[in-house]
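So the sequence shown is residues 78 to 241, counted in the working numbering. Glycine included, each C-beta is placed from N, C-alpha and C at the ideal position. Just so we're clear, the structure is a prediction, and the values are computed from it rather than from any experiment.
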Amino acid sequence: KRDLYEGGIRVPFIAYWPGTTPADSVSNHIGYFGDLMATAADLADVPCPPGLDSVSIAPTLTGHPEQQKQHDFLYWEFYEQGSKQAVRAGKWKAVRMPMLTGKMELYNLDKDLGESKNVADQHPDLVKQLEAMMQQAHSDDPLWQPGGKAPKKQPAPGDGKSRF
C-alpha cells in the first residue's frame, strides 16, 4: 500500500490454528510485518537473530495474550513520493513528509482513526518525544539519496562486487 496513514499500513492479521489459537478470539495487539521473524523463531524454539526490531506474537497466537510483549513504538519510513516517516506509540501517531525535514503531524488514533484532525499544535511536548523516537529509529542508507537517485556502480557491502 505504501502509505503511512492508517489506510495504508493498518491491516488485520488473521490466524487459524485449530487446537492452539482459541476460536473467535480477538486481539488488539499492535505489531508489524517484522514481528513474523521473532514469531517464527519462537515457535521453532530457536533464538531470534540479535538486533532485530521484532516481537514474537506467539503468546497471542497460543491463547496467552497476558504474556504478550509490546513494542515501545513502531517506526516506518518510505522513500517514495518525496520520502516520509511515521511513528506510533500507543494511541499516538506522528507522520512527517518529507522525511527528516517536514512538519510533524500528530493524531490520536483512539479518537481519530481516519487521521483527519492534526493535533500537533496542542501537544508540542508529545511531538518532540515522537520526533526523538523517529531520530532513534532512523538510520542513513548510503544507497538512498534525497531526490530518489541511487548512486551508480555501488559495491555491495562485504564483497566489493558491483550490483548495478
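> Considering only the beta carbon of each residue, do ASP119 and ALA135 sit closer than 8 Å?
Replying inline: Their beta carbons are under 8 Å apart, which means ASP119 touches ALA135 by this criterion.
> Excluding five sequence neighbours on each side, which residues of the same chain lie with their C-beta closer than 6 Å to the C-beta of THR139?
Replying inline: Cβ within range, chain order: THR97.
>> Classify ALA163: buried if its beta carbon has 16 or more other beta carbons within 10 angstroms, exposed otherwise.
In response: The Cβ neighbour count for ALA163, taken over all protein chains shown within 10 Å, is at least 16; the residue is labelled buried.
> Hey, how far is the Cα of ALA214 from the Cα of LEU129?
Replying inline: Spanning the two alpha carbons is a distance of roughly 12 Å.
> Which residue's Cα is closest to the Cα of PRO142: GLU83, PHE110, VAL103 and GLY85?
Replying inline: It is VAL103 whose Cα lies nearest to the Cα of PRO142.
> In terms of alpha-carbon separation, which member of ASP198, MET210, PHE155 and ILE107 lies closest to LEU183?
Replying inline: When each option's Cα is compared against that of LEU183, the closest is ASP198.
> Between the region 110-125 and the region 158-172, do at least 3 Cβ pairs fall closer than 8 Å?
Replying inline: With a cut-off of 8 Å, the region 158-172 and the region 110-125 do not count as touching, because too few Cβ pairs lie within range.
> Are the beta-carbon atoms belonging to LEU151 and ILE91 less than 8 Å from one another?
Replying inline: Taking 8 Å as the Cβ cut-off, LEU151 and ILE91 do not qualify as a contacting pair.
> Would the beta-carbon of VAL172 fall within 8 Å of that of LEU113?
Replying inline: Not in contact: VAL172 and LEU113 (Cβ atoms no closer than 8 Å).
>> Quick check: what's the CA-CA separation for GLY84 versus LYS170?
In response: Those two C-alpha atoms are separated by around 13 Å.
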